[in-house]
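Residue numbers (the numbering used here), protein chains in the order written: chain R, 20 to 293; chain C, 20 to 293.
Cβ atoms here follow ideal geometry from the backbone N, Cα and C, with glycine treated the same way.
To keep things clear, I will list the structure first and then write my remarks on it.
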């Protein structure tokens, strides 16, 4: 039987709850909080280091196998009362399963990116739900990894974790606080770097032959797109040719289409003559 | 100066708030509630009939032009106190602009679908945020319209309206409570009907020549996909060939890629040989 926590004033709970509040606190401690039975299980199965697992008695009945899998990898396990679990939850109807995970401190610099694959780079992406959704799609399509450029929102925020459906744990990501420097480096490493822009004068993404060359496709902020200097630093500009109301395409849908086009030839689009 | 509402017990407010609670109430009255300055303006600009516009004094300062545009089309306008506006809002920090709109009662049956264009059909889609996001992408890519098959979630729910960014007001949609019947009708109307399935044995969507034939692409429920009978009724099965973790692709991302492929040749993908 695990130890029980029944007080909302318990220091372990208070510390775990603080991890939801800001990226700074997460970075300072090198920890983040994961909510949800399936997501906790995914963290364990992906080899993430789990410091603490919390679950309610109700959750143990309902999510027995998920919890057992996460508990196997956890250093410490607590059963918590429902009113205590509520302090850790972002949702109105919490499942009652949470774990505190250690950030992967391995070097995540652009210069360590394995060559020979295609990557997506995001510049100043603001919405964690968009970030999570994009990671999820990138994983599905077999993208090599994602570069977080400029000041993107935190990949370890509860919203990004949830929207990623666990892709955060599995997909390699790299940090590029200085986008211009990163693009220079990537081009030196022989990547083609394309800036995605909503400009009908740019090259249609359908006209690029991604098959010949490892590529980094760079997508900008939801409201403002890419910085002018970032676009200038790239080897080319690509756009999604659209017949409809172009301003309607949101960040995660356009990233999905761009990544799809980048992977299309490799995924089986080669044989088609149109 | 518009009339003011300062009581939470005001009958007009109580009726408007009820429109958020269920699809049945919306259908019964033929009305729905729109929240947000931009979305109310979009409704007015899209020719939606606005029965009532509500806004707070604070909102009038901040969203003057949006409110003026919506007020021009509204039958009645009220200024409401902030604590009254809170009753109408789904968000924690409401903008304080709302309107009650009349549903378009024009015939939306499958037999009235204009031929000669490509359409997306959704079967039993459950998540209104997915539905809204898909409508938004469909509009951007220039899809002819969307068919809501089986028992999809309500297109007029606050979440669907918000995620659609106004596409609900502009994109034609059609109701097909009986999917099998609708597919038969669509095939009689000479549409090619393709079932989207997560099955590597199905035809890759990249291998279909959509350019030759008006097509309806049918996408299933988030958890369970398409009904077996629906798949059998179609002229073919298509799939998105993926190199990564296929289960990761969510409903709105896969719909985006499928719609993109359907429109690709027309949008400018014709010239590419890969």
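With which residues is residue i paired in a DSSP beta bridge?
{"i": "residue 256/R", "result": "214/R"}
{"i": "residue 121/C", "result": "50/C"}
{"i": "residue 99/C", "result": "24/C"}
{"i": "residue 222/C", "result": "257/C"}
{"i": "residue 165/C", "result": "139/C and 192/C"}
Note down the Cα distance separating residue i from residue j, rounded to an integer number of angstroms.
{"i": "residue 214/R", "j": "residue 181/C", "result": "29 Å"}
{"i": "residue 183/R", "j": "residue 116/R", "result": "17 Å"}
{"i": "residue 275/C", "j": "residue 225/C", "result": "14 Å"}
{"i": "residue 36/C", "j": "residue 177/C", "result": "11 Å"}
{"i": "residue 283/R", "j": "residue 227/R", "result": "11 Å"}
{"i": "residue 126/R", "j": "residue 145/C", "result": "41 Å"}
{"i": "residue 273/R", "j": "residue 138/C", "result": "19 Å"}
{"i": "residue 171/C", "j": "residue 124/C", "result": "18 Å"}
{"i": "residue 119/R", "j": "residue 92/R", "result": "12 Å"}
{"i": "residue 12/R", "j": "residue 163/C", "result": "With chain R running from 20 to 293 in the structure shown, residue 12/R is simply not present."}
{"i": "residue 201/R", "j": "residue 193/R", "result": "10 Å"}
{"i": "residue 98/C", "j": "residue 24/C", "result": "6 Å"}
{"i": "residue 250/C", "j": "residue 239/C", "result": "10 Å"}
{"i": "residue 29/C", "j": "residue 188/R", "result": "50 Å"}
{"i": "residue 286/R", "j": "residue 103/C", "result": "54 Å"}
{"i": "residue 209/R", "j": "residue 131/R", "result": "14 Å"}
{"i": "residue 86/R", "j": "residue 64/R", "result": "12 Å"}
{"i": "residue 278/C", "j": "residue 157/C", "result": "7 Å"}
{"i": "residue 59/C", "j": "residue 151/C", "result": "16 Å"}
{"i": "residue 220/R", "j": "residue 267/R", "result": "19 Å"}
{"i": "residue 22/C", "j": "residue 133/C", "result": "44 Å"}
{"i": "residue 41/C", "j": "residue 195/R", "result": "46 Å"}
{"i": "residue 203/C", "j": "residue 165/R", "result": "44 Å"}
{"i": "residue 252/C", "j": "residue 167/C", "result": "17 Å"}
{"i": "residue 100/C", "j": "residue 76/C", "result": "8 Å"}
{"i": "residue 175/R", "j": "residue 45/R", "result": "8 Å"}
To which residues of the same chain is residue i closer than 7 Å at the C-beta, ignoring the five residues directly before and after it?
{"i": "residue 217/R", "result": "244, 258 and 265"}
{"i": "residue 232/R", "result": "211"}
{"i": "residue 149/R", "result": "241, 270 and 271"}
{"i": "residue 106/C", "result": "27, 32 and 36"}
{"i": "residue 248/R", "result": "199"}
{"i": "residue 205/C", "result": "129, 212 and 235"}
{"i": "residue 281/C", "result": "137, 229, 234 and 236"}
{"i": "residue 61/R", "result": "185 and 188"}
{"i": "residue 20/R", "result": "none"}
{"i": "residue 135/R", "result": "233"}
Does residue i get closer than 9 Å to chain C when you measure Cβ to Cβ?
{"i": "residue 141/R", "result": "no"}
{"i": "residue 160/R", "result": "yes"}
{"i": "residue 281/R", "result": "no"}
{"i": "residue 286/R", "result": "yes"}
{"i": "residue 101/R", "result": "no"}
{"i": "residue 150/R", "result": "no"}
{"i": "residue 89/R", "result": "no"}
{"i": "residue 262/R", "result": "yes"}
{"i": "residue 272/R", "result": "yes"}
{"i": "residue 259/R", "result": "yes"}
{"i": "residue 22/R", "result": "no"}
Output yes if chain R places a C-beta closer than 9 Å to the C-beta of residue i; else output no.
{"i": "residue 266/C", "result": "yes"}
{"i": "residue 225/C", "result": "yes"}
{"i": "residue 157/C", "result": "yes"}
{"i": "residue 166/C", "result": "no"}
{"i": "residue 269/C", "result": "yes"}
{"i": "residue 215/C", "result": "no"}
{"i": "residue 276/C", "result": "yes"}
{"i": "residue 250/C", "result": "no"}
{"i": "residue 202/C", "result": "no"}
Using a Cβ-Cβ cut-off of 6 Å (strictly less than) and excluding sequence neighbours within five positions of residue i, which residues of its own chain qualify?
{"i": "residue 39/R", "result": "52 and 177"}
{"i": "residue 294/C", "result": "A query on residue 294/C cannot be resolved here, the shown segment of chain C reaching from 20 to 293 and no further."}
{"i": "residue 94/R", "result": "70"}
{"i": "residue 111/C", "result": "none"}
{"i": "residue 72/R", "result": "89, 90, 93, 96 and 118"}
{"i": "residue 169/C", "result": "142, 143 and 198"}
{"i": "residue 155/C", "result": "183, 184 and 186"}
Excluding the five sequence neighbours on either side, which residues of its own chain have a C-beta within less than 8 Å of the C-beta of residue i, listed in chain order?
{"i": "residue 49/C", "result": "121, 122 and 124"}
{"i": "residue 114/R", "result": "54, 55, 56, 78, 81 and 82"}
Which residues of the stretch 24-53 of chain R have a Cβ closer than 9 Å to any Cβ of chain C? Give them in chain order.
Those would be none; no residue qualifies.
Contact set between the stretch 178-193 of chain C and chain R, restricted to residues whose Cβ is under 7 Å from the partner:
Here the close residues are 184 and 186.
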